[in-house]
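There are 2 protein chains.
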Amino acid sequence: MKSHQVTIKDIAKILDISASTVSRALKDHPDISIETKNKVKKLADKLKYKPNAIALSLQSNKSHIIGIIVPQIVHHFFSTVISGIEELAADKGYNIIITQSNESQKKELDNCQTLLSGRVDGMIVSRTKDTENFDHFRNILNTGTPIVFFDRTCHGIKTDKVIIDDYKAAYDATEYLIKTGCKNLLHFAGPKNLKISSKRMWGFADALKRNNLSFNEEMIYSADNFSKGYNLTYELYKNNHLPDGIFTVNDMTAAGTLSALNELKIKVPEEISVFGFTNGIISQITSPSLSTVEQNGYLMGYSAAEILINKIENETTDIISKIIPTKLIIRNSTKKL
Amino acid sequence: MKSHQVTIKDIAKILDISASTVSRALKDHPDISIETKNKVKKLADKLKYKPNAIALSLQSNKSHIIGIIVPQIVHHFFSTVISGIEELAADKGYNIIITQSNESQKKELDNCQTLLSGRVDGMIVSRTKDTENFDHFRNILNTGTPIVFFDRTCHGIKTDKVIIDDYKAAYDATEYLIKTGCKNLLHFAGPKNLKISSKRMWGFADALKRNNLSFNEEMIYSADNFSKGYNLTYELYKNNHLPDGIFTVNDMTAAGTLSALNELKIKVPEEISVFGFTNGIISQITSPSLSTVEQNGYLMGYSAAEILINKIENETTDIISKIIPTKLIIRNSTKKL
DNA sequence: TGAGAACTTGCAATCGTTTGCGAGAGCGTT
DNA sequence: AACGCTCTCGCAAACGATTGCAAGTTCTCA
């Protein structure tokens, strides 16, 4: 099937000149006469010649490919980040190869192998949740292939990363709830060993303390997806433990919470305020629409690509840690200031 | 920065043997003595030798890369498809390079160039909405690089494709609405020149006719996103034109509709039933949760990859048109049978 | 002792492209 | 006529890996 893409040699043979002349003619090298250039360009055009990127890579030892490893492509946040990466990469003449780890460390290792074998110029990675061994990344860095981590980073490795200030974002969101009159808050949290989760939790806790509200561990519940948020809300209702404000670790959990509250005919935000985190599509769709933290995935991806490409092209060695600013998006699940 | 990945030559030099011997030793060629093999393998292991995929590609004229063009990565449906492609591709030893067209034909053309230059072994494509000129795809097919289209296909090109039976799915959904008692239906439709939209529209129309309900063009409204669904619903309300059932071209539109109905205190499904299309995440989050058509994106991607890889490896030339079965997902925005 | 077989290994070409260097042609100058 | 210069262009090596073929060594057996 795959017949034959036109090569420089083909053109050379047809015009009865050498391949080097064709190569130089195509890139306007001054050594080549104008007539020859014209002949070559005309034929190249006619035959739809396209340079073989693979041969160029081999020659230059640069693939112009960025390798990406994410837990799941379908996750809205990750696809947003990928989109940001793709945008800048395309601009700068890079392609992106995407692999997903499905939260499995074995697959993550495989992905590293593949990308290394493919001689990517650099990698952008968000690691799996439950890994504490980062030797594979350390090895790659040692070979000189740069890696930029985003969102989930690797404790103990000195490397470039792009993150948001989860602590501050959570602090701000919580403080907003307090300022709009909530006095009895709960936090629906993610797994403790995931840094982004624990930071959000501490932001919540510190906001309470600084605003003269007491904090204790019983304000923290574990719930980080739709159904857990939904079920937990029902449970709190049954036990008569519903607060007047809930800050959730992500939008899905908030959506589950809202769904339960709707069914229970509890008015949001009049009786209970709900604050999410991520600002995914769903935050506009819930009823009422969800106040949340804008976690600019697109910008994260874009920035990560920026750092990486700079590293590839300028061979700098300084470690960059970029923090993407967050923003509170106030919609209708919270009261107005 | 990028120092040097270990090559066969490096190993050869260290052991003072030729590169060919190393190559053969690594792949257990019978010509090589066991001692040599052991020496070579041991050193290769120690130095973390990884074959240079680029060199192999150049040599074999196979890149083992599948190029993907989608309008937008962040769109849930597309990222689901990509996920399906990635899964099988990884299994079969292929990498995927992803590009997005952002619904711009110019970018789509650029993407084709890039992928062609990258010498991908094949492509999986969902084209931009408003293009009617498919010469670029025709040209690629002529060079012998196979393309499998999915979801949005190209009228007039004989090529492999993976689609769903939009007509039947729409027919079934509409019939469900009728069977649960709706007598006065409307359809919120997408652009007419997009085949998937018009097929859904005809499925809707024919279901009405076959069930002895009259159909006329005034039952078709143009609305294919959240805000259009929302606004249109309000407008119908004002003009006292609300039906007892609405079938929308996608989930987002349905979500907008539900949102408006909620605000208008119109009971769903008691007063109005709403049926969506896609079964994205949002269909579980709306209140009430949305009855919709399962459009198995993952399976579409997986199947597309299957067809493509088969074409690449077995060089078959027969054209395959695969139809992914759909399924009605009944939730709470419609009445029960 | 010599011939042939068996076993190991190396040479060189190849994939498509780039690039330093050298070579030939054509011209003008002395 | 001889030299030198400018214009054009081709040769060959290189990137990393594979592979047909040739070549070298060792061994066996007559």
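As given, the protein sequences belong to chains A and B, one line each in that order. All letters in the first sequence, in the order written, are residues -7 to 329 by the working numbering. All letters in the second sequence, in the order written, are residues -7 to 329 by the working numbering. Every residue gets a Cβ at the ideal spot worked out from N, C-alpha and C, and that includes glycine.
| query | result |
| --- | --- |
| May I ask you to report which of helix, strand or coil DSSP gives B/Ala181? | strand |
| Can you tell me whether B/Leu224 is helix, strand or coil according to DSSP? | helix |
| Taking the alpha-carbon of A/Ile243 as reference, which of A/Tyr226, A/Leu228, A/Lys257 and A/Ser219 has the nearest alpha-carbon? | The question names Ile, but residue 243 of chain A is Asp in the sequence shown. Nearest C-alpha to A/Asp243: A/Ser219. |
| Which residues, in order along the segment 62 to 79 of chain B, keep a beta-carbon less than 9 Å from a beta-carbon of chain A? | Gln64, Ile65, Val66, His67, His68, Phe70, Ser71, Thr72, Ile74, Ser75, Glu78 and Glu79 |
| Looking only at its own chain, which residues have a Cβ that is under 8 Å from the Cβ of A/Leu291, when we skip the five neighbours before and after it? | Gly76 and Ile316 |
| I need the DSSP call for A/Tyr159, collapsed to helix, strand or coil. | helix |
| Are A/Phe141 and A/Gly289 close, meaning C-beta to C-beta below 8 Å? | no |
| In whole angstroms, what is the alpha-carbon distance linking A/Leu50 and A/Glu27? | 31 Å |
| Would you mind working out which of B/Asp310, B/Ala199 and B/Ser265 sits nearest B/Asn324, comparing C-alpha positions? | B/Ser265 |
| Determine which residues share a DSSP beta bridge with A/Leu320 and list them. | A/Val285 |
| For the segment 275 to 296 of chain B, which residues have a beta carbon sitting closer than 7 Å to at least one beta carbon of chain A? | Gln276, Ile277, Thr278 and Ser279 |
| In the DSSP assignment, the alpha helix (DSSP H) including A/Ile351 goes from what residue to what residue? | There is simply no residue 351 of chain A to check, as chain A begins at -7 and stops at 329 in what is shown. |
| In the DSSP assignment, what residue or residues form a beta bridge with B/Asn87? | B/Ile57 |
| Start and end of the alpha helix (DSSP H) containing B/Val32? | Ile26 to Lys38 |
| According to DSSP, is A/Asp310 helix, strand or coil? | coil |
| Let me know if B/Pro183 comes out buried or exposed under the rule of 16 or more other beta-carbons within 10 Å of its beta-carbon. | exposed |
| By how many angstroms is the C-alpha of A/Ala197 removed from the C-alpha of A/Asp236? | 16 Å |
| Which first and last residues belong to the beta strand (DSSP E) in which A/Met115 is found? | Gly114 to Val117 |
| If you compare alpha carbons, which of A/Ile258, A/Asp2, A/Glu167 and A/His56 is closest to A/Asn302? | A/His56 |
| Whose C-beta lies closer than 8 Å to the C-beta of B/Ile60 among residues of the same chain, with five residues either side of it excluded? | Ile74, Ile77, Ile88, Ile89, Ile90, Thr91, Met115, Ile116 and Val117 |
| Opposite B/Lys153 in the DSSP bridges: which residues? | B/Phe141 and B/Ser313 |
| Can you list the residues of chain A that B/Ala47 reaches, using a CB-CB cut of under 7 Å? | Leu50 |
| The beta strand (DSSP E) spanning A/Pro207 covers which residue range? | According to the sequence as given, residue 207 of chain A is Phe; it is not Pro. Neither: A/Phe207 is in no beta strand (DSSP E) and is coded neither H nor E. |
| Tell me which residues of the segment 96 to 122 of chain A have at least one Cβ-Cβ distance to chain B shorter than 9 Å, keeping chain order. | Lys99, Asp102, Asn103, Gln105, Thr106, Leu107, Leu108, Ser109, Gly110, Arg111, Asp113 and Gly114 |
| Determine whether the Cβ of B/Lys42 lies closer than 8 Å to any Cβ atom of chain A. | yes |
| What residues in the segment 128 to 140 of chain A have a beta carbon less than 8 Å from any beta carbon of chain B? | Asn131, Thr135, Gly136, Thr137 and Pro138 |
| Quick one: what's got a C-beta closer than 6 Å to B/Asn44's C-beta in the same chain, skipping five residues either side? | none |
| Mark B/Gly293 as exposed unless 16 or more other C-beta atoms lie within 10 angstroms of its C-beta, in which case mark it buried. | buried |
| Show which residues of chain A have a CB atom less than 9 Å away from the CB atom of B/Thr89. | One detail in the question is off: residue 89 of chain B reads as Ile in this sequence, not Thr. Going along chain A in sequence order, the residues near B/Ile89 (Cβ under 9 Å) are Ile57, Asn87, Ile88, Ile89 and Ile90. |
| Let me check understanding here. Comparing Cα to Cα, which of B/Leu107, B/Lys33, B/Ile65 and B/Val285 lies closest to B/Tyr168? | B/Val285 |
| Between B/Leu133 and the rest of its own chain, which residues show a CB-CB distance below 8 Å, the 5 nearest in sequence each way excluded? | Ile139, Ile149 and Thr151 |
| Just how far apart, CA to CA, sit A/Met(-7) and B/Asp113? | Its pLDDT being 43, under 50, A/Met(-7) is placed unreliably by the model, and the measurement read from it follows with that caveat. Taking the straight line joining both Cα atoms gives about 10 Å. |
| Looking at the unbroken beta strand (DSSP E) that takes in A/Val266, where does it start and where does it end? | Ser265 to Phe267 |
| Taking Cβ positions, are B/Tyr41 and B/Ile3 nearer each other than 8 Å? | yes |
| Within the same chain, show all residues whose beta-carbon is closer than 8 Å to that of A/Leu330, passing over the 5 residues directly before and after it, in chain order. | The structure shown has nothing for residue 330 of chain A, since chain A only spans -7 to 329. |
| What's the C-alpha gap between B/Ser214 and B/Ala161? | 19 Å |
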